[in-house]
Amino acid sequence: MDQTFTFRQITDEQELETFMKLRREIYMDSPKFSTLLQYPVDIDRYDLHSLPFGLFCNGEPAGFIRGILPTE
């Protein structure tokens, strides 16, 4: 089966929420981030000034990265 991968900036609010939930699920596997269990999504202070990018496999979320912009 062929897989199609797409990497692009996330601009849709609902899509961004999906990726934030995915990021939380990944972090939950680490004891260091176990405090995230009380929140439905993972958002931190850097998200307020970053550009989110998503990796899609056959149109489904597969990975997430953000470019953090300078605050000054």
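First residue of the sequence shown: 0, per numbering that gives the first Met the number 0; consecutive thereafter. Glycine included, C-beta positions come from ideal geometry on N, C-alpha and C.
Distance, residue j Cα to residue i Cα
| i | j | result |
| --- | --- | --- |
| T17 | P30 | 22 Å |
| G66 | M0 | 32 Å |
| P60 | M27 | 17 Å |
| Q2 | F32 | 31 Å |
| L68 | Q8 | 14 Å |
| H48 | E12 | 15 Å |
Same chain, Cβ closer than 7 Å to residue i, neighbours up to 5 away in sequence not counted
| i | result |
| --- | --- |
| T5 | F55 |
| R22 | D41 and F63 |
Residues bridged to residue i [DSSP beta-bridge criterion]
| i | result |
| --- | --- |
| L54 | F6 and G62 |
Same chain, Cβ closer than 8 Å to residue i, five either side skipped, listed in chain order
| i | result |
| --- | --- |
| I42 | M19 |
| L15 | I9 and P51 |
| P39 | K20 and R23 |
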